[in-house]
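Visitor: If you scroll down you'll find the structure; I have some questions about it.
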Amino acid sequence: MSTKSRASTGRFRKGTKLDSANSGRYHIQHRITEATKPGSKIEYYRATRQGSPQKFTTIVVFPDKKQFDRQISLEEPLPRFANVTAILDTVPEHNAVVYPTCSGNLWQLIEAQDMIDPSQNPTRRSRQDILRCALHGLVQLHDRLKPNNVTYRMRIGRMTPTVLRREGVSVDATQIGSVRLQEALDAVVVPPGGWHTPTRAISRGIWQSPEVWCGARYNQSSDIFSFGTVLIYAMTNKPMIWSWPPERDPPSGADRWYYTLRQHIGLFGNPESLQGLLAHIGEDNIWHRRLTELIDQEKSAPLTMRRPLSVWGNNTLQLDLLDLAMKMTDLDPTKRITAREALAHPWFGSIESDEPPAVSRWLANERESQLKAKKIPAFRMPESPV
């Protein structure tokens, strides 16, 4: 093991060599500063594996062994899921996990192509293919879905978001080699039909469901709601939910809930779904009263302020896409369409099998890269879900 003193900008400098649990050696290339969240002690690095210097990997370094062990125990069952990013290797000495590196994520792809009409081929087909493959990752994983977590790998060339923006070109569906949900650093494994009750405060974003914002129970249904908002963003280049009104100054963090939940009610609310959401949250939850007050405000608001999805979507979206989005964004978590039902929706087309077409491409890419997903030694999953 070759070590160097920590650089002021991270734990490892360029050229540091890390020996893994699977007898691999990784050479640090640089730190990925844009991946690090403010205040987070988790560090991200780009690295190459000795013997395949042209194939990059991403190394995630956790601040302590407890977080490292939790991540390992969480991801142990995931390598069998073809559309969830699985661990390639580990470096236990430094509490580090090695993941495959993709070409970019859905957020970057949309931002790079914001001047291209997403309703036209080949842009529509490529994004549709990415979204369909990403749905397969939601079968048993909850990961607070957002566009940044939907990653893809190109089959040919280095068509990174930067290249796409500079060249002004679109991505054809046949150029996409694979699609996976990114490493599940905050994920929760939930058994089918089960619910996870949060035991600590979690971050909230514009893609998250109302029950997550209210600190209530959540499961894959919550990610389906997030997927519905991502779906509209991917196919229109415009997010449905804003952190605050564009014409106003950003609110304080304590006020963001008001704008977000009011938009949820105005866009997706109807009497039946609102009652279902309130029942799911429960009267003993402080958010029950807040939501009730917001619902009363929305009832007196003009239709133009509420802009229900069922109204503006008729003039903006294909009918099949609108139907799918509405079934995904029902405010009642128990009424939303499931991932498998969504995959069978006419907008995605007929699904001939449970395996998305990108699975075979991903496996071929892994054979070419010589980076095999190996079983991670010396740990057991807890008997009950995390």
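So for the sequence shown, my numbering puts the first residue at 50; every next one is plus one.
Note that beta-carbon positions come from the ideal geometry of N, C-alpha and C, so glycine has one too.
1) Out of Glu92, Ser271, Arg389, Ile335, which has the shortest C-alpha to C-alpha gap to Gln116?
2) According to DSSP, is Glu92 part of a helix, a strand, or is it coil?
3) Ignore the nearest five residues each way along the sequence and tell me which others in Leu370's own chain have a CB closer than 7 Å to its CB.
4) Can you give the Cα-Cα distance for Pro288 and Ser72, rounded to whole angstroms?
5) Quick one: grab the DSSP three-state call for Ala283.
6) Find out if the Cβ-Cβ distance for the pair Lys66, Arg74 is shorter than 8 Å.
7) What is the residue span of the alpha helix (DSSP H) that Pro259 lies within?
8) So, for Leu310: in the same chain, excluding its five sequence neighbours on each side, which residues have a beta-carbon less than 7 Å away from its beta-carbon?
9) State the DSSP-derived secondary structure class of Ile290, mapped to helix, strand or coil.
10) Give the secondary structure of Asn154 by DSSP, where H, G and I count as helix, E and B as strand, and everything else as coil.
11) By the DSSP assignment, the beta strand (DSSP E) with Ala77 in it spans what residues?
12) From the DSSP output, in three-state form, read off Ile255 for me.
13) Across which residues does DSSP place Gly331 in a beta bridge pair?
14) Using 10 angstroms around the beta-carbon of Thr383, count the other beta-carbons present and answer buried if the total reaches 16, otherwise exposed.
15) So, is Val360 buried or exposed, given that buried needs 16 or more other C-beta atoms within 10 angstroms?
16) Can you tell me where the beta strand (DSSP E) holding Leu67 begins and where it ends?
17) Work out the CA separation of Thr387 and Leu180 for me, nearest whole Å.
18) Quick check on the burial criterion: 16 or more other C-beta atoms within 10 angstroms. Buried or exposed for Asp113?
19) Would you tell me roughly how many angstroms separate the C-alpha atoms of Gly362 and Ala265, rounded to the nearest one?
20) Hey, Thr97 and Gln78: beta-carbon distance below 8 Å or not?
21) Measuring straight from C-alpha to C-alpha, what distance separates Val199 and Ala374?
22) Around the C-beta of Ser275, are 16 or more other C-beta atoms found within 10 angstroms, so that it is buried, or is it exposed?
23) For Ile255, collect the residues of the same chain with a Cβ closer than 8 Å to its Cβ; drop the 5 residues on either side in sequence, then sort them by chain order.
24) Using the C-alpha atoms, what's the distance from Ile330 back to Phe61?
25) Tell me, please, which residues DSSP counts as bridged to Ile108.
26) Can you tell me whether DSSP reads Asp304 as helix, strand or coil?
27) Between which two residues does the alpha helix (DSSP H) carrying Thr365 extend?
28) According to DSSP, is Asp372 part of a helix, a strand, or is it coil?
29) Find the nearest neighbour of Ala183 within the set Thr139, Asp272, Asn144, Asp118, judged by alpha-carbon distance.
30) Could you give the distance in angstroms between the alpha-carbon of Asn286 and the alpha-carbon of Ser175?
31) Can you tell me which of the three DSSP states Gly206 falls into?
32) For Val212 and Thr150, I'd like the C-alpha separation in whole angstroms.
Guide: Inspection of the coordinates gives the following:
1) Taking the first residue of the sequence shown as 1, we reach residue 116 at position 67. Per the Cα distances, Glu92.
2) Start at 1 with the first residue of the sequence shown, and residue 92 comes out as number 43. Look at Glu92 here: in three-state DSSP terms it is strand.
3) Position 321 of the sequence shown, counted from the first residue, corresponds to residue 370. Here the set comprises Met284, Trp396.
4) Here residue 288 refers to the residue found at position 239 of the sequence shown. Here residue 72 refers to the residue found at position 23 of the sequence shown. Approximately 45 Å between the Cα atoms of the pair.
5) Residue mapping note: residue 283 aligns to position 234 of the sequence shown, counting from 1. Helix at Ala283.
6) In the sequence shown, the residue the question calls residue 66 occupies position 17. In the sequence shown, the residue the question calls residue 74 occupies position 25. For Lys66 and Arg74, yes; Cβs fall inside 8 Å.
7) The sequence position of residue 259 within the sequence shown is 210, counting from 1. Here the alpha helix (DSSP H) through Pro259 covers 259-262.
8) By one-based count along the sequence shown, residue 310 stands at place 261. Excluding positions up to five away in sequence, the list reads Pro259, Trp262, Leu340, Leu343.
9) Looking up residue 290 in the sequence shown gives position 241. Residue state, collapsed to three classes: coil.
10) Translated into the one-based positions of the sequence shown, residue 154 becomes position 105. In the displayed model, Asn154 falls within a strand according to three-state DSSP.
11) Locating residue 77 in the sequence shown gives position 28, counting from the first residue. Ala is not the amino acid found at residue 77; the sequence shown has Ile there. From DSSP, the beta strand (DSSP E) with Ile77 extends over 74-80.
12) Translated into the one-based positions of the sequence shown, residue 255 becomes position 206. DSSP places Ile255 in the coil class of the three-state scheme, outside both helix and strand.
13) Against the sequence shown, residue 331 aligns to sequence position 282. In DSSP, Gly331 forms no bridge with anything.
14) Residue numbering aside, residue 383 sits at position 334 when the sequence shown is read from its first letter. Exposed, since its Cβ has fewer than 16 Cβ neighbours within 10 Å.
15) What you label residue 360 is simply residue 311 of the sequence shown in a count that begins at 1. Classification for Val360: exposed.
16) Taking the first residue of the sequence shown as position 1, residue 67 is located at position 18. 66-68 is the extent of the beta strand (DSSP E) around Leu67.
17) In the sequence shown, residue 180 corresponds to position 131, counting from 1. In the sequence shown, residue 387 corresponds to position 338, counting from 1. Taking the straight line from one Cα to the other gives about 14 Å.
18) Taking the sequence shown and counting its residues from 1, the one referred to as residue 113 is at position 64. Asp113 counts as exposed, since fewer than 16 other C-beta atoms from the protein chains shown sit within 10 angstroms of its C-beta.
19) Numbered from its first residue, the sequence shown carries residue 362 at position 313. Numbered from its first residue, the sequence shown carries residue 265 at position 216. So the two alpha carbons sit approximately 29 Å from each other.
20) Counting from 1 along the sequence shown, the entry for residue 97 is found at position 48. Counting from 1 along the sequence shown, the entry for residue 78 is found at position 29. Between Thr97 and Gln78, the CB-CB gap stays under 8 Å.
21) Reading the sequence shown from its first residue, position 150 is the one you call residue 199. Reading the sequence shown from its first residue, position 325 is the one you call residue 374. Whole-angstrom Cα-Cα distance: 18 Å.
22) On the sequence shown, position 226 is the one that residue 275 refers to. Flag for Ser275 reads buried.
23) One-based indexing of the sequence shown puts residue 255 at position 206. Within its own chain, the residues whose Cβ lies closer than 8 Å to the Cβ of Ile255, once the five positions on either side in sequence are excluded, are Thr278, Pro288, Ile290, Trp291, Ser292, Thr309, listed in chain order.
24) Translated into the one-based positions of the sequence shown, residue 61 becomes position 12. Translated into the one-based positions of the sequence shown, residue 330 becomes position 281. Roughly 45 Å separates the two Cα atoms.
25) By 1-based counting over the sequence shown, the position of residue 108 is 59. Ile108 pairs with Tyr94, Val147.
26) Here residue 304 refers to the residue found at position 255 of the sequence shown. Helix, per DSSP.
27) Within the sequence shown, numbered from 1, the residue matching residue 365 stands at position 316. 358-365 is the extent of the alpha helix (DSSP H) around Thr365.
28) Your numbering for residue 372 matches position 323 in the sequence shown. Note: Asp372 maps to helix in three-state DSSP.
29) Reading the sequence shown from its first residue, position 134 is the one you call residue 183. Comparing alpha-carbon positions, the option among Thr139, Asp272, Asn144, Asp118 lying closest to Ala183 turns out to be Asp272.
30) Stepping through the sequence shown from its first residue, residue 286 is reached at position 237. Stepping through the sequence shown from its first residue, residue 175 is reached at position 126. Rounded to whole angstroms, Asn286 to Ser175 spans 14 Å at the Cα level.
31) As a position in the sequence shown, residue 206 is number 157, starting the count at 1. A caution first: Gly206 carries a pLDDT of 47, below 50, which makes its placement in the model too unreliable to give a value.
32) For the purposes of this step, residue 212 is identified with residue 163 of the sequence shown, where counting begins at 1. For the purposes of this step, residue 150 is identified with residue 101 of the sequence shown, where counting begins at 1. With a pLDDT of 41 at Val212, under the threshold of 50, the predicted position of this residue should be treated as unreliable, though the coordinate-derived value follows. Answer to the nearest angstrom: the Cα atoms are 17 Å apart.
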